[in-house]
Every structure is written in C-alpha cells, then in structure tokens.
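Student: Chains as they are written, first to last, in numbering that gives the first Met the number 0: chain X, 0 to 232; chain C, 0 to 227; chain Z, 0 to 262. C-beta: ideal position from N, C-alpha, C; glycine also. This one's a predicted model, so the numbers in the text were calculated from it and none came from an experiment. Quick one: the structure is below, questions incoming.
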Amino acid sequence: MTDRKLVIPGDALGEGRAGHGAYEEDGKVFSCFIGLAEEKGGLHFVIPLSGIYNPKRGDGVIGKIEDVVFSKWIVDINSPYEAVLPLSEATDEFIDLTKTDLTKYFTYGDLIFTEISSVTKTKNVQLSMRDRKCRKLRSGRLITVTPAKVPRIIGKAGSMVEMIKDITKTQIVVGQNGLVWVKGDNEDLAIEAVTEIERKSHIQGLTDQIKAMLEKKMADKYGSQPQPQLQEE
Amino acid sequence: MTSDFTRIDGRKWDELRPIFASVGVLNKADGSAMFRLGNTVAVAGVYGPRKVYPKHEEEAERAILRTKYNMAAFATSERGRPGTSRRSIEISMVTRNALMPIMFLDEFPRTAIDVHIEVLQADASTRCVGINAACLALADAGLPMKDFVASCSAGKVGDKVVLDIAGKEDTEGELDLPVAYYPKKKQITLLQMDGITTGKEAREIIALAAKGAEKIYEAQKAALRTKY
Amino acid sequence: MISIDPQLVKDMVASGKRIDNRKLDEYRDIKIEKGFVTSAEGSARVKLGNTEVLAGVKFGVGEPFADTPDEGVLMVGAEFVPLASPDFESGPPGEEAIETARVVDRAIRESKVIDFKQLCIKPKEKTWMVYVDIDILDNDGNLIDACSIAAISALLDAKLPELDEDFSIDTEKERTKKLPITGVPISTTIARIGNKLVVDPTLSEELALDSRLTVGTFDKNGEIMLSSMQKGGTGGLSLEEIDKMVSMAEHAGKKIRAAVLES
Numbered sequence: 000m001t002d003r004k005l006v007i008p009g010d011a012l013g014e015g016r017a018g019h020g021a022y023e024e025d026g027k028v029f030s031c032f033i034g035l036a037e038e039k040g041g042l043h044f045v046i047p048l049s050g051i052y053n054p055k056r057g058d059g060v061i062g063k064i065e066d067v068v069f070s071k072w073i074v075d076i077n078s079p080y081e082a083v084l085p086l087s088e089a090t091d092e093f094i095d096l097t098k099t100d101l102t103k104y105f106t107y108g109d110l111i112f113t114e115i116s117s118v119t120k121t122k123n124v125q126l127s128m129r130d131r132k133c134r135k136l137r138s139g140r141l142i143t144v145t146p147a148k149v150p151r152i153i154g155k156a157g158s159m160v161e162m163i164k165d166i167t168k169t170q171i172v173v174g175q176n177g178l179v180w181v182k183g184d185n186e187d188l189a190i191e192a193v194t195e196i197e198r199k200s201h202i203q204g205l206t207d208q209i210k211a212m213l214e215k216k217m218a219d220k221y222g223s224q225p226q227p228q229l230q231e232e
Numbered sequence: 000m001t002s003d004f005t006r007i008d009g010r011k012w013d014e015l016r017p018i019f020a021s022v023g024v025l026n027k028a029d030g031s032a033m034f035r036l037g038n039t040v041a042v043a044g045v046y047g048p049r050k051v052y053p054k055h056e057e058e059a060e061r062a063i064l065r066t067k068y069n070m071a072a073f074a075t076s077e078r079g080r081p082g083t084s085r086r087s088i089e090i091s092m093v094t095r096n097a098l099m100p101i102m103f104l105d106e107f108p109r110t111a112i113d114v115h116i117e118v119l120q121a122d123a124s125t126r127c128v129g130i131n132a133a134c135l136a137l138a139d140a141g142l143p144m145k146d147f148v149a150s151c152s153a154g155k156v157g158d159k160v161v162l163d164i165a166g167k168e169d170t171e172g173e174l175d176l177p178v179a180y181y182p183k184k185k186q187i188t189l190l191q192m193d194g195i196t197t198g199k200e201a202r203e204i205i206a207l208a209a210k211g212a213e214k215i216y217e218a219q220k221a222a223l224r225t226k227y
Numbered sequence: 000m001i002s003i004d005p006q007l008v009k010d011m012v013a014s015g016k017r018i019d020n021r022k023l024d025e026y027r028d029i030k031i032e033k034g035f036v037t038s039a040e041g042s043a044r045v046k047l048g049n050t051e052v053l054a055g056v057k058f059g060v061g062e063p064f065a066d067t068p069d070e071g072v073l074m075v076g077a078e079f080v081p082l083a084s085p086d087f088e089s090g091p092p093g094e095e096a097i098e099t100a101r102v103v104d105r106a107i108r109e110s111k112v113i114d115f116k117q118l119c120i121k122p123k124e125k126t127w128m129v130y131v132d133i134d135i136l137d138n139d140g141n142l143i144d145a146c147s148i149a150a151i152s153a154l155l156d157a158k159l160p161e162l163d164e165d166f167s168i169d170t171e172k173e174r175t176k177k178l179p180i181t182g183v184p185i186s187t188t189i190a191r192i193g194n195k196l197v198v199d200p201t202l203s204e205e206l207a208l209d210s211r212l213t214v215g216t217f218d219k220n221g222e223i224m225l226s227s228m229q230k231g232g233t234g235g236l237s238l239e240e241i242d243k244m245v246s247m248a249e250h251a252g253k254k255i256r257a258a259v260l261e262s
C-alpha cells in the first residue's frame, strides 16, 4: 500500500489529469472528496472515505429482492438506484410465465450475489446471475459498510478477506455495494473484523493487526491454537 | 475606513467572533456538522443522494439540491413560532443558490440531496452560519464538491463599517450585508443587503465581508481535517 | 407559446445581441397607469415590455408592532396567479413569489422614504396598516423590477381614508391625504449571462442566466443611495461584476424613477 495523502474537497493535487474523485480547473487538479489521494502516471484520483454506492458495470453486488413483477425482479442494491434482474438473466430454463410463479426462483427478501450487467446514463441498473460466482445467499448474516471501504476489506488480491475466512472458518461474500454476507460458526468474529477494518481503513499494517486479533479471539473461544487445516465448507 | 473604536462586544471593526466547527455530529444523517460564530449556532444534516419524493420533482439528468433553513422556536430571546415563515423560505432559497456553484449534481441523476439547517441559537448572521455548517455536512456525507463556500456578514453600526454583525449590532445597526464567498474562484455566491449606503461604500463592505469569509474558509478546512 | 432555447440566448448575448434587439444596458418600454383599480385606495398597472403586473394599496387600522409602537406597518405581498404563466400553479405563494415580495419590500422599507411615524394613529394602540398586494398578470421576466415599479407607483397614488371617532375607516368621506413619501425607491435587476451583464432580463433571458443582482436605489438630495441588494441564480459573481452591476443599477434606476414621477 503506497503512502496516500488525506485530502478534502478543493485541495490541490498538483498538475496532471483528473481521474475519479478529482476535477480539473485552470489546468490544475483538485480533490472532490474527503478521501485518500493517489497518483498514477499523472492521473490523480481520490478514494472517498464515505458516500453512497454508485452502481458500475461489472461490479459484484449483494442485492435483496424487493419486488417480483411479471418478468423480472426489482432488487435493492443499497443505492438510491434500484436494479432490475430480468428473467432472461436469472435462469437458462425455459419458463412459461403464464404457469410459473417467479417467486419459485427468487422471492421477497431473498439475498443474492449478482453482477451489474449494465448501467444507463440515467442510472437504470440491470443485473445478471449468469456469472459463475452469482448465487442465492441462504441464511447467514448481512452487514452494511461504507462502499468506499470495500477494497480494504477485500485486500490486495483478496488477501484480507481470505485471511478472515481462513481463520474464522466462515463463508464471506463482499459486495462492491457495501453489503457483506457472512455464514458460519464464528459469524460474530468475522463481523467484528470487518467492522474494525472499516473503522481503521486508513492505517498501515492493518492486515497483520486484524490477523493477530482474530487468532487471539479464536484461541480464547476454542481454547487452543486453531489449526490451519481445519475443515473448510 | 480604518477606525480604532471598540464595538459593543469589545471586537475591532474587522474582527470575527470566535469560530467553532465540528463535523459528523449526528448519527442518522449521511453527513452533518455544527458551526458556531460567537453565540450563533447552527447544525446542518445532509441526506442523499437518495430517491426523490415527490417523484415529479426528480430530474432525469442530475440530482436536485433541496435546502431547508429552519430556526428553532427557542433560538431567539423571544420565542419564535415553529414552522416555516416567509423569511425562512427566502433564506432557504438564497442558501441553495449559495451552495449550487460548488456541487457536482450530474453525478447522481434522479436523486435528491437534502440539506437541512437548524439554527439552535440566533445572535445574528444565522444564514451565514447555516451555510458554513451545510458545506461541512455535504463533505461529511461523501458528496463530491469543488470546494467550500464560506459565509459571514459585514455592515454598519453607529455609522462605522464593521465585519460580522452580532445580535445587538443587528437590531441597533444601520446596515446588514451577508455574503457567501467561493475563494477558489473569487466569486460571491450569496449577497443580500438591507440598509442605506452609497455604491462606493457598498463595494468596501462587500470586500470586507469577502475577506472575513476567507478566514472562515480556513476554519472550515481545519474542522474537516481534524475529524479524519 | 414558443420559448426560446437558452443556448440561443447565451450565444446571442455572447456576441452582444439580444433577442429583442435591445442594448445590453437597455430597459424595455415601461408603461405606468396609476389609479387603475378604483376598489383599492391606490393602484398602478405596470407594463415592462410584455410583463404586466398590477399593484393595489389597501389601508386598514390595526395594532403596531411591539418594537415600533409609534409607527405604521407596511406589508408587501405578491401573487403569481396561474393566468400569468403556464408555469404558475395555484396555491399559496412559492419561494419565487415570496422572494419577489420581500425584495420589493426591502428596497422601499430600508430607504426610509416613507415616514412611518406619521402613520401612527394612537401610539401603542392604533396605527395605519399599509397593504401592498401585487398580482402578476403576464410573466415575460423580471417580475421583481416590474413589481417594484408598480408598488412605489401605487403607494404614490394612494390616498389615506378618513377615520371616524372610533378609529374605523369612513368609506363615505372623500380621500385626500397622500402618504408621507419623500423619495422613489426602485429595484433594478441585472443578469449575468455567460460573462456579459444584461439589464432587465426577459423570461427567456432569465432561463439562460447564471446569476442576477437586484439593487434597490433611491434619490436623496440629488445623490443616488442604495437601500437593498439581492443576488439570485445558481451561479456566482465576481467582485468586479458586482461593481459594474451596482453602477448599471444606479444608472438605470434614474430613468425608471423619472418615468414613475411623470406618470
């Protein structure tokens, strides 16, 4: 993790071009957000410390089925924008709509891990369940975090979230939209870790800190050092 | 225009009242801040971007900014009547116009960004304090902004030009001129005046208010940095 | 009704032209008719180009405010009635109507050209209530200025009713007393469209403007004084632009003042 500078709206980022979270004025680049500023090859961008989820194509998100209408589901993706999961994107089976009740597939309140297949200019969002990683999330617990903190929760190449899964023996699914689903015998610990990461996201060496905390808590709970080769689900 | 007199509260002619600002003071609002200038205190809470109700107000290509200024009934020495008044409606309007130049509304079509300002203690310049709090609350909510606008008043008391009108100066003074200033672009985004003056003197008073606003701007930035 | 595309207005103004061929610092034709409505104690119908408004002054007897026990009371209201524009809805005044009324009021009240102390009937108990109500009849922009001209014209036209011994208004007796007014406060509005400053915007120009400044001016012993200012619109104004706009307002106010006095 490179050294990132904390900036606030209007802070000068230098010369160059404005990427996400920055804007250009009179040839200089400024920050739009309170956040961490980074620069890559003359492109300045700022990762905000807070804010809503702005849907982006390709993002994997956790959604909650809000409504079931004729040939699609309306899905709440923790955003001011509703998303639509059309029947054609939910299943490859041939469905006779006059005979089939769509709630057989997904019904009100169901949680799904899904992918955003398209976002129009006016932010109409379409979802798809086609990708292999997409599935219904049954039981377990759901927590909400600031969407901007999701990369930290996932970690470089998934290192953070894999570490938590490994030590706490839980299933964890992280949505880019700030929803995190956990399931397993140590859901509480996993949730505690995620909440801690959200609080301390700007600190260096966080992965080691969280790892140490979890190992200690697992030891306290089970009375011995947890073995790395314990059963995975 | 310089003068060596002291004002009712002991300040010099170009001195602001003590400033205090704090960000993230409320739990439920997406962003919030409190701003204090002497005995005038306002809290701002921001919700959004969120779905627009009533739906017919929504705009297809951008977010709408809705601002509501409200003064608590206990904010003034004589109890005020709760609810909106023509005054609060006008102030809500000029407050919104003061904030618009710094917002990026195109980022969030079909949503509303709601700014609610509550004046808890009124000792003049309440709309200024409200605007200062609103900017911090918008930033705290994670909304993209170009900069802050900073607001304060200037005017005339006892025939002398002064910065930052306080309570007694407001009731007994001759002229009140609140201003909101966008320092990066050197633009005024709110300007109102009541009282008698010449064109030449008005220019001086506006310039004085803009200078005061620059100090407020530094205080706003400092408040935001300390929260994080 | 065809409305003109804001981009066309912006392009024209950028090259120094206006849709109706006026100069950037030129007002539309002003027509003032005092005494237009006989049911009111004072009135004025004003046409500013195609914008038309009608102000009526009504008097009442009431209690003075606690902090000014020996002064009359002035109340200015504006109604944006639906017949004036396809965009006006019926119902209580919206923020634009409220802003218009308050800005018109401010310029008049703060100039102190009306001697409110002379409107006191019995200190702390009874005073003249001066109601100025302005109906917009046709909206082609710059309602603030049109209403301001109508309000002061109606006040200058107004004659106070006579009172009975019990301080009620005697509607039979002839009205002869004019209000104690010693000046003519006028609000003038300048719009910024792009980087050009344009006086008296029409409706199409209002839809294209970035910001506007309304300045209330009045004459005092030959000198032009300011009594109010209001910036409107969602854009900003530089100090230099405000400078120029104040000068333009002082200049334009003179001509309008002359028109009011002549009518």
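What is the rounded straight-line gap between the Cα of E195/X and the Cα of R3/X?
Tutor: Against the first sequence, residue 195/X aligns to sequence position 196. Against the first sequence, residue 3/X aligns to sequence position 4. Cα to Cα, the separation comes out at about 20 Å.
Student: Mind checking whether G193/Z and A13/Z have CB atoms under 9 Å apart?
Tutor: Here residue 193/Z refers to the residue found at position 194 of the third sequence. Here residue 13/Z refers to the residue found at position 14 of the third sequence. Going by C-beta atoms, G193/Z is nearer than 9 Å to A13/Z.
Student: Just checking, does the segment 173-191 of chain Z make contact with the segment 228-246 of chain Z on the three C-beta pairs under 8 Å criterion?
Tutor: Flag = yes, the segment 173-191 of chain Z and the segment 228-246 of chain Z touch.
Student: On a CA-only basis, which of L84/X, E197/X, I153/X is nearest L110/X? Give me that one, please.
Tutor: Residue numbering aside, residue 110/X sits at position 111 when the first sequence is read from its first letter. Measuring from the Cα of L110/X, the nearest candidate turns out to be L84/X.
Student: Determine the contact status of K125/Z and P200/Z, defining contact as a CB-CB distance below 9 Å.
Tutor: Here residue 125/Z corresponds to residue number 126 of the third sequence, with the count starting at 1. Here residue 200/Z corresponds to residue number 201 of the third sequence, with the count starting at 1. In this structure, P200/Z does not lie closer than 9 Å to K125/Z by Cβ.
Student: Flag this pair as touching only if the segment 33-50 of chain X and the segment 153-168 of chain X have three or more C-beta atom pairs under 8 Å; answer yes or no.
Tutor: They do not touch, by the three-pair rule.
Student: The alpha helix (DSSP H) spanning S91/C covers which residue range?
Tutor: Along the second sequence, one-based indexing puts residue 91/C at 92. Start and end: 85-98.
Student: Hey, could you find the ends of the beta strand (DSSP E) C151/C is sitting in?
Tutor: Translated into positions along the second sequence, residue 151/C becomes position 152. Element bounds for C151/C: 149-156.
Student: Shortest alpha-carbon distance to A207/Z belongs to which of V214/Z, L196/Z, T216/Z?
Tutor: Within the third sequence, numbered from 1, the residue matching residue 207/Z stands at position 208. Comparing Cα-Cα distances from A207/Z to each of V214/Z, L196/Z, T216/Z, the minimum goes to L196/Z.
Student: Apart from the five residues on each side of it in sequence, which residues of its chain come closer than 6 Å, Cβ to Cβ, to F105/X?
Tutor: Numbered from 1 along the first sequence, position 106 holds the residue referred to as residue 105/X. Closer than 6 Å at Cβ, skipping near neighbours: I64, W72.
Student: What first and last residue would you give for the alpha helix (DSSP H) that runs through L202/Z?
Tutor: Locating residue 202/Z in the third sequence gives position 203, where the first residue counts as 1. Counting along the chain, the alpha helix (DSSP H) containing L202/Z begins and ends at 202-207.
Student: Taking the beta carbon of H55/C as the centre, do at least 16 other beta carbons fall within 10 Å, making it buried, or is it exposed?
Tutor: Here residue 55/C refers to the residue found at position 56 when the second sequence is read from its first residue. H55/C is exposed by the Cβ-count criterion.
Student: With A32/C and V22/C assumed to form a contact (beta carbons below 8 Å), what rounded beta-carbon distance in angstroms separates them?
Tutor: To locate residue 32/C, count along the second sequence from 1; it is residue 33. To locate residue 22/C, count along the second sequence from 1; it is residue 23. A32/C to V22/C, Cβ: 5 Å. Contact.
Student: Going by the beta-carbon positions, is the gap between T196/C and M247/Z smaller than 9 Å?
Tutor: The residue given as residue 196/C occupies position 197 in the second sequence. The residue given as residue 247/Z occupies position 248 in the third sequence. It is not a contact, given that the beta carbons lie outside the stated cut-off.
Student: Output the distance between the C-alpha atoms of D69/Z and I113/Z, rounded to the nearest integer angstrom.
Tutor: Here the question's residue 69/Z lines up with position 70 in the third sequence. Here the question's residue 113/Z lines up with position 114 in the third sequence. Computed Cα separation, rounded: 14 Å.
Student: Beta-carbon separation of I107/Z and V60/Z under 9 Å?
Tutor: If you number the third sequence from 1, residue 107/Z lands on position 108. If you number the third sequence from 1, residue 60/Z lands on position 61. The answer is no: Cβ separation not under 9 Å.
Student: Residues of chain X with a CB under 7 Å from the CB of T110/C: which are they?
Tutor: Taking the second sequence and counting its residues from 1, one reaches residue 110/C at position 111. Per Cβ cutoff of 7 Å: P79.
Student: In angstroms, rounded to a whole number, what distance separates the CA positions of Q228/X and K164/X?
Tutor: For the purposes of this step, residue 228/X is taken as residue 229 along the first sequence, with counting starting at 1. For the purposes of this step, residue 164/X is taken as residue 165 along the first sequence, with counting starting at 1. Note on Q228/X: pLDDT 49, under 50, position unreliable in the model; the coordinate value appears next. Q228/X and K164/X: Cα-Cα distance of roughly 13 Å.
Student: Using a Cβ cut-off of 9 Å (strictly closer), state whether M0/C contacts chain X.
Tutor: In the second sequence, the residue the question calls residue 0/C occupies position 1. Because M0/C carries a pLDDT of 46, less than 50, the predicted location of this residue cannot be relied on, and the following value inherits that uncertainty. M0/C does not count as touching chain X.
Student: Counting C-beta neighbours from all protein chains within 10 Å, is the total for S89/Z 16 or more, i.e. buried, or is it exposed?
Tutor: In the third sequence, residue 89/Z corresponds to position 90, counting from 1. The residue in question, S89/Z, is exposed, as its Cβ has fewer than 16 Cβ neighbours within 10 Å.
Student: Does chain Z have any CB closer than 9 Å to the CB of L189/C?
Tutor: Counting from one through the second sequence, the residue named residue 189/C turns up at place 190. So yes, L189/C belongs to the interface.
Student: Ordered along the chain, which non-local residues of its own chain (more than five positions away) have a Cβ less than 6 Å from that of Y130/Z?
Tutor: In the third sequence, the residue the question calls residue 130/Z occupies position 131. Hits under 6 Å: K57, M74.
Student: Given R95/C, which residues of its chain have a CB within under 7 Å of its CB, disregarding the five upstream and five downstream residues?
Tutor: By one-based count along the second sequence, residue 95/C stands at place 96. Taken in chain order, the residues that qualify are L64, T66.
Student: Using only alpha-carbon positions, find the residue among G194/C, S124/C, G79/C that is nearest to A179/C.
Tutor: Taking the first residue of the second sequence as position 1, residue 179/C is located at position 180. It is S124/C.
Student: Does any residue of chain C bring its CB to less than 9 Å from the CB of L121/X?
Tutor: The residue labelled residue 121/X in the question sits at position 122 within the first sequence. Note that residue 121/X is Thr in the sequence shown, not Leu. For T121/X, the answer is yes, since a Cβ of chain C falls inside 9 Å of its Cβ.
Student: Note down, in chain order, all residues in the segment 24-40 of chain C with a beta-carbon under 7 Å from any beta-carbon belonging to chain X.
Tutor: Of all residues in the segment 24-40 of chain C, none has a Cβ within less than 7 Å of some Cβ in chain X.
Student: For the alpha helix (DSSP H) containing S158/X, list its first residue and its last residue.
Tutor: Here residue 158/X is taken as the residue at index 159 of the first sequence, counted from 1. It spans 158-167 - the alpha helix (DSSP H) in which S158/X sits, taken as one unbroken run.
Student: Leaving out five residues before and five after Q120/C in sequence, what residues of the same chain have Cβ atoms less than 7 Å from its Cβ?
Tutor: Here the question's residue 120/C lines up with position 121 in the second sequence. Same-chain partners within the cutoff: N38, T39, V40, A74.
Student: Taking A140/C as the query, report the chain X residues whose CB atoms sit under 9 Å from its CB, ordered along the chain.
Tutor: As a working note, residue 140/C is residue 141 in the second sequence. Those are S49, G50, I51, listed as they occur along chain X.
Student: Excluding the 5 residues preceding and the 5 following E14/C in the sequence, name in chain order all residues of the same chain whose CB lies nearer than 7 Å to its CB.
Tutor: As a working mapping, residue 14/C is identified with position 15 in the second sequence. So the list reads L162, once near-sequence residues are dropped.
Student: Does the distance from the CB of G141/C to the CB of I171/X come in under 9 Å?
Tutor: By 1-based counting over the second sequence, the position of residue 141/C is 142. By 1-based counting over the first sequence, the position of residue 171/X is 172. Taking 9 Å as the Cβ cut-off, G141/C and I171/X do not qualify as a contacting pair.
Student: Which residues of the segment 183-210 of chain C have a Cβ closer than 8 Å to any Cβ of chain Z? Give them in chain order.
Tutor: Hits within the stretch, in order: K184, K185, Q186, I187, T188, L189, L190, Q191, M192, D193, G194, I195, T196, T197, G198, A201, R202, I205, A206, A209.
Student: Go ahead and label T99/X buried or exposed: buried means 16 or more other beta carbons lie within 10 angstroms of its beta carbon, across all protein chains shown.
Tutor: Within the first sequence, residue 99/X is the residue found at index 100, counting from 1. That one is exposed.
Student: Please report the Cβ distance between L178/X and L126/X, rounded to the nearest whole angstrom; I am assuming they are in contact, meaning their Cβ atoms lie under 8 Å.
Tutor: Mapped onto the first sequence, residue 178/X falls at position 179. Mapped onto the first sequence, residue 126/X falls at position 127. Contact doesn't hold; Cβ gap of about 14 Å is too wide.
Student: Going straight from the alpha carbon of V52/Z to that of L98/C, what length do you get?
Tutor: Sequence index remark: in the third sequence, residue 52/Z carries index 53 (1-based). Sequence index remark: in the second sequence, residue 98/C carries index 99 (1-based). The straight-line gap from Cα to Cα measures roughly 31 Å.
Student: Any beta carbon of chain C sitting closer than 9 Å to that of P8/X?
Tutor: Along the first sequence, one-based indexing puts residue 8/X at 9. True, the Cβ-Cβ gap to chain C drops below 9 Å.
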